[in-house]
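Residue numbers (our numbering): 7 to 309.
Every residue, glycine too, gets a C-beta built ideally from N, C-alpha and C.
Beneath this line is the structure, given in structure tokens, with notes to follow.
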């Protein structure tokens with residue numbers, strides 16, 4: 007019953023209670039962290055002694071909190087167990103993100119089959135609620151009356167949003183895994199328990215086969231534009247954007263490699279990351295780095 011474990015239990019409780027508030031938009035990305043740290047640093051019996059009171063209090067506040075706690079504790083246990091086994095960092099990240107994604111899919115399946123949850127109607131209601139203030143402002147202000155959204159435009163935006171639900175789920179799962187690992191690894195490491203860390207950014211190198219996948223994705227996009235198949239349209243709307251993120255990661259790795267070989271100040275590659283994230287066409291650097299021996303060329307140029 008170390009005091010640090012008690013502190014993480016309190017943090018865990020506060021994050022659980024925040025899920026039914028507007029703060030959940032941010033706090034949900036950190037919810038896996040406390041339980042992961044507790045599971046990785048404690049034995050199973052002590053872990054349950056910390057977690058059960060948290061669940062009990064959360065249940066008393068609102069019964070739904072217990073269901074959410076049970077849902078989010080599964081990836082925490084998976085990631086924490088991976089830390090205990092000293093698995094490579096990338097494997098831990100992939101397993102954790104995959105578990106989160108699987109949980110999202112199972113939750114969506116249960117809601118659809120047993121609770122008659124209609125995702126399409128829910129997305130349409132969210133889009134309508136989001137756009138209503140703009141519509142009201144446009145109606146009251148003649149200067150921006152042309153910016154009002156018609157019902158047809160709202161429906162089109164809802165359909166586009168529905169198409170990208172798989173992309174959003176994958177990216178959200180990955181971001182939750184990255185945030186959890188980035189914060190949990192140094193915290194667990196401070197307890198004298200070694201946790202493998204990710205390779206330096208300069209060593210990031212994705213499989214070259216992504217180039218061929220990208221070409222396939224572009225072909226699918228071309229066929230999807232003139233096709234009435236919703237399946238092809240959904241693949242085109244999600245597959246290629248995911249590859250774009252991969253190429254952005256590859257571009258970040260390239261600039262860190264370049265900064266390492268050219269002896270740049272460490273802040274320079276970090277500053278270059280910002281335009282890569284804000285200006286998507288810069289992912290072409292990642293594509294070139296995969297398609298050609300760009301790093302070897304830069305090293306030879308220095309020599």
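Could you check how far apart the C-beta atoms of residue 14 and residue 44 are, in whole angstroms? I think they sit under 8 angstroms. Taking the chain shown and counting its residues from 1, the one referred to as residue 14 is at position 8. Taking the chain shown and counting its residues from 1, the one referred to as residue 44 is at position 38. Contact between residue 14 and residue 44 holds, since their C-beta atoms are separated by about 6 angstroms, short of 8 angstroms.
Below 8 angstroms, how does it come out for the stretch 158-168 and the stretch 101-118: are there three or more Cβ pairs, yes or no? Contact between the stretch 158-168 and the stretch 101-118 is absent, because fewer than three Cβ pairs lie under 8 angstroms.
Are the Cβ atoms of residue 47 and residue 197 separated by less than 8 angstroms? Sequence index remark: in the chain shown, residue 47 carries index 41 (1-based). Sequence index remark: in the chain shown, residue 197 carries index 191 (1-based). In this structure, residue 197 lies closer than 8 angstroms to residue 47 by Cβ.
Kindly give me the distance between the Cβ atoms of residue 289 and residue 250, rounded to whole angstroms, as I take these residues to be in contact under 8 angstroms. Within the chain shown, the letter at position 283 stands for residue 289. Within the chain shown, the letter at position 244 stands for residue 250. 6 angstroms between Cβ atoms; contact.
Where does the unbroken alpha helix (DSSP H) through residue 334 begin, and where does it stop? Any answer about residue 334 is impossible in this case: the structure gives the chain only from 7 up to 309.
Is the stretch 247-263 in contact with the stretch 286-301, if contact means three or more CB pairs nearer than 8 angstroms? Taking one beta carbon from each stretch, the stretch 247-263 and the stretch 286-301 have 3 or more pairs nearer than 8 angstroms; the two touch.
Would you call residue 297 buried or exposed, if buried means 16 or more other Cβ atoms sit within 10 Å of its Cβ? As a first step, residue 297 must be located in the chain shown, where it is residue number 291. Exposed.
Does the contact criterion of 3 or more C-beta pairs under 8 angstroms hold for the stretch 258-273 versus the stretch 239-247? Contact annotation: the stretch 258-273 does not touch the stretch 239-247, with fewer than three C-beta pairs closer than 8 angstroms.
Exposure label - residue 49; buried when at least 16 CB within 10 Å: The sequence position of residue 49 within the chain shown is 43, counting from 1. With fewer than 16 other Cβ atoms within 10 Å, it is exposed.
By a C-beta neighbour count over all protein chains shown, 10 Å radius and 16 as the cutoff for buried, is residue 20 buried or exposed? Against the chain shown, residue 20 aligns to sequence position 14. Residue 20 should be labelled exposed.
For residue 236 and residue 230, the rounded distance between their alpha carbons: Walking along the chain shown from the start, residue 230 turns up at place 224. Walking along the chain shown from the start, residue 236 turns up at place 230. It is roughly 8 angstroms from the alpha-carbon of residue 230 to the alpha-carbon of residue 236.
Residue from 295, 269, 268, 258 with nearest C-alpha to residue 280: To locate residue 280, count along the chain shown from 1; it is residue 274. With distances taken between CA atoms, residue 280 lies nearest to 258 out of 295, 269, 268, 258.
Exposed or buried, what is residue 128 when buried is set at 16 or more other beta-carbons lying within 10 Å of its beta-carbon? Here residue 128 is taken as the residue at index 122 of the chain shown, counted from 1. Of the residues assessed, residue 128 falls on the exposed side of the cut-off, its CB having fewer than 16 other CB atoms within 10 angstroms.
Taking the alpha-carbon positions, what's the residue 59 to residue 72 distance? Working through the chain shown from its first residue, we reach residue 59 at position 53. Working through the chain shown from its first residue, we reach residue 72 at position 66. C-alpha separation (whole angstroms): 11 angstroms.
Examine the Cβ distances between the stretch 101-111 and the stretch 67-85 and report whether three or more of them are shorter than 8 angstroms. Put simply, the stretch 101-111 touches the stretch 67-85. At least three CB pairs are less than 8 angstroms apart.
Return the CA-CA distance between residue 134 and residue 121, expressed in angstroms with no decimal places. To locate residue 134, count along the chain shown from 1; it is residue 128. To locate residue 121, count along the chain shown from 1; it is residue 115. Using only the alpha carbons, I get a separation of about 23 angstroms.
Burial state of residue 181, where buried means 16 or more other Cβ atoms lie within 10 Å: The residue you call residue 181 lines up with position 175 of the chain shown. Within a 10 Å sphere around the beta-carbon of residue 181 sit fewer than 16 other beta-carbons, which makes this residue exposed.
So residue 231 is in the alpha helix (DSSP H); what residue range does that whole segment cover? As a first step, residue 231 is located in the chain shown; it is residue number 225 there, counting from the start. Here the alpha helix (DSSP H) through residue 231 covers 216-231.
Host alpha helix (DSSP H) of residue 11 (start-end): As a working mapping, residue 11 is identified with position 5 in the chain shown. Counting along the chain, the alpha helix (DSSP H) containing residue 11 begins and ends at 9-23.
Along the alpha helix (DSSP H) that carries residue 177, what are the first and last residues, could you check? By one-based count along the chain shown, residue 177 stands at place 171. Start and end: 171-195.
Report yes if the CB atom of residue 107 is closer than 8 angstroms to the CB atom of residue 176, and no otherwise. Residue numbering aside, residue 107 sits at position 101 when the chain shown is read from its first letter. Residue numbering aside, residue 176 sits at position 170 when the chain shown is read from its first letter. Their beta carbons are under 8 angstroms apart, which means residue 107 touches residue 176 by this criterion.
Considering only the beta carbon of each residue, do residue 23 and residue 76 sit closer than 8 angstroms? Taking the first residue of the chain shown as position 1, residue 23 is located at position 17. Taking the first residue of the chain shown as position 1, residue 76 is located at position 70. No; because the gap between Cβ atoms is not below 8 angstroms, this pair is not in contact.
Check for me: the alpha helix (DSSP H) holding residue 40 runs from which residue to which? Position 34 of the chain shown, counted from the first residue, corresponds to residue 40. Element bounds for residue 40: 38-47.
Beta-carbon within less than 8 angstroms of residue 11's beta-carbon, same chain only, minus the 5 sequence neighbours each way: which residues are those? Residue 11 sits at position 5 when you count from the first residue of the chain shown. Setting aside the 5 residues that flank it on each side, residue 11 is surrounded in the same chain by 44, 47, 48, 52, 56, each with a C-beta closer than 8 angstroms to its C-beta; the list follows chain order.
Sequence-distant residues of the same chain with beta carbon closer than 7 angstroms to residue 109, five excluded per side: The residue you call residue 109 lines up with position 103 of the chain shown. Around residue 109: 77, 80, 81.
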